[in-house]
Structure formats: structure tokens, C-alpha cells
Amino acid sequence: MATENCNFPSVLDMNELPIVRIKLNTPPLRCIVKAILPELLENFENASAEVVQCPDLTQPPFNLTSEGLNGDENVFDIGDITNLIPSIKREKLYDVKDLKQITGSDPLVIIGACAGPYPFFGVDGEVLKIVCEVRKGPLSFSTCIREALKKHFGDEIIAIGGVILIENGKVKVHVVKPSLAKKPLKSGKE
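Shown next as C-alpha cells:
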């Protein structure tokens, strides 16, 4: 197939976008455990959260490109839900490779949803190990953690990045694939 027939949208130039840098609260991981564990126990039949040494994430079952999640962490929130609802704004595309230039970090490893990658430097260190089994409450895993952090830390901005490993069971996830979004969304359920 000839590339001249492809209709790829152009990527936004991050140098032309407003960049706001804020200092995030970085509470000790043990404080995060204290904040989230009660909520997890309310919403899951079995739940645990502990601070552990990060496993080598280049090995199975993770198979990532870097050993750890620590280093000089940065969190990027690029765009927002208005880029997706009611319709995907296809002109709002960015290239995660540009984050290396913006951060001035090399090497830079990026993980996360395309709607919000989480860059890190792949350094070994402590991480949270959260295990949940059999949801019994109304909150999803991510909503449960978000609500727990809000309850514990109030309006302070706390960002958590990580890797989720689903070993068995059923989960509901959302992945917005542009080719699937043919019509505008009219509700949160859609």
C-alpha cells in the first residue's frame, strides 16, 4: 500500500503547547498503603498493599523494557476527557517521543495509557505491591485507589503510576481505539 494514500493526522508540536509544571506531593509509600488499604478491603473480598523491592520488570510476567519504576519520576497529563467526549478529536494527537525533549531526560522509559503515559528512568527501588481479589463493592480498582487518596490527602495532587498484572478472572477496561469511535458518546455508560 502506498503511504501517499494514507490519511494520517499530523502530530501536535509539544513546543507550541502550554506546559504547566507543578510540584507534586510525594508521600512515603507506607502512607499510600495506609490510605488505600481500608478502601480496598471494603471493595474486595481479599486485598493487601505493601511496600516491596521492585521485581525485575524485564522478566515474565511483565516483560517491560526496563527493570524498575524508580528514578527521577515525572507524571504527564496530556489533554483531558474533552479530547474524547463526545467525539474523539483526531487533531489532538501527540508523539510520546517528544516527552524526552520536554523532560531533558535520556534515557526515558514511558509506560501508561496513550491518554496519559507515565515516564520513568528504569531504576530499581521500592514500589507498592497491591493484590486484590473478587470485587464485592461498587468501586473499580482504580476508582477505589483514587477515592482513598482523595479521602486521605484531600486536595493535594498525588500521582501514582505502575504496572497492573491480571493473573486470572474477568476485568472491565476501556481502551479508546479511534477506529471504534464512529459516533459521538451521549453518556458515561457509553
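Quick note: the sequence shown, position 21, residue 21 per our numbering, numbers continuous.
Cβ atoms here follow ideal geometry from the backbone N, Cα and C, with glycine treated the same way.
Beta-carbon proximity list for G136, same chain, < 7 Å, skipping 5 on both sides: First, the residue type needs correcting, since residue 136 is Lys and not Gly in the sequence shown. Counting only Cβ-Cβ distances below 7 Å, and skipping sequence neighbours, we find N43, F44 and E45.
Looking at V11: is its Cβ nearer than 8 Å to the Cβ of D95? The answer is yes: Cβ separation under 8 Å.
Check this for me: beta carbons of L24 and I130, under 8 Å apart or not? No Cβ-Cβ contact shorter than 8 Å links L24 with I130.
Please look up how many angstroms separate the CB atoms of L40 and V163, rounded, as I've assumed it's under 8 Å. Between the beta-carbon of L40 and that of V163 there is about 17 Å, and that puts the pair past the 8 Å contact cut.
Are the CB atoms of V75 and A148 nearer to each other than 8 Å? Between V75 and A148, the CB-CB gap reaches or exceeds 8 Å.
Is there at least one non-hydrogen atom of the ligand GTP closer than 7 Å to the beta-carbon of P28? This structure simply doesn't include the ligand GTP, nor any ligand for that matter.
DSSP puts I130 in a beta bridge; with which residues? According to DSSP, which records beta bridges pairwise, I130 is partnered with A49.
Buried versus exposed, by CB contacts within 10 Å (16 or more), S87: S87 comes out exposed.
Per-residue DSSP class, three states only, for N43: N43 falls in the helix class under three-state DSSP.
Return the CA-CA distance between K89 and V51, expressed in angstroms with no decimal places. When only Cα atoms are considered, K89 and V51 end up about 40 Å apart.
Buried or exposed: which applies to L165, given that a residue is buried once 16 or more other Cβ atoms fall within 10 Å of its Cβ? Under this definition L165 is an exposed residue.
So, under 8 Å CB-CB, E126 and C54 are touching, yes? Tell me the CB distance rounded to an integer number of Å. Yes, E126 and C54 are in contact; Cβ-Cβ is about 7 Å, under 8 Å.
S48 versus C132 - alpha carbon distance: Roughly 7 Å separates the two Cα atoms.
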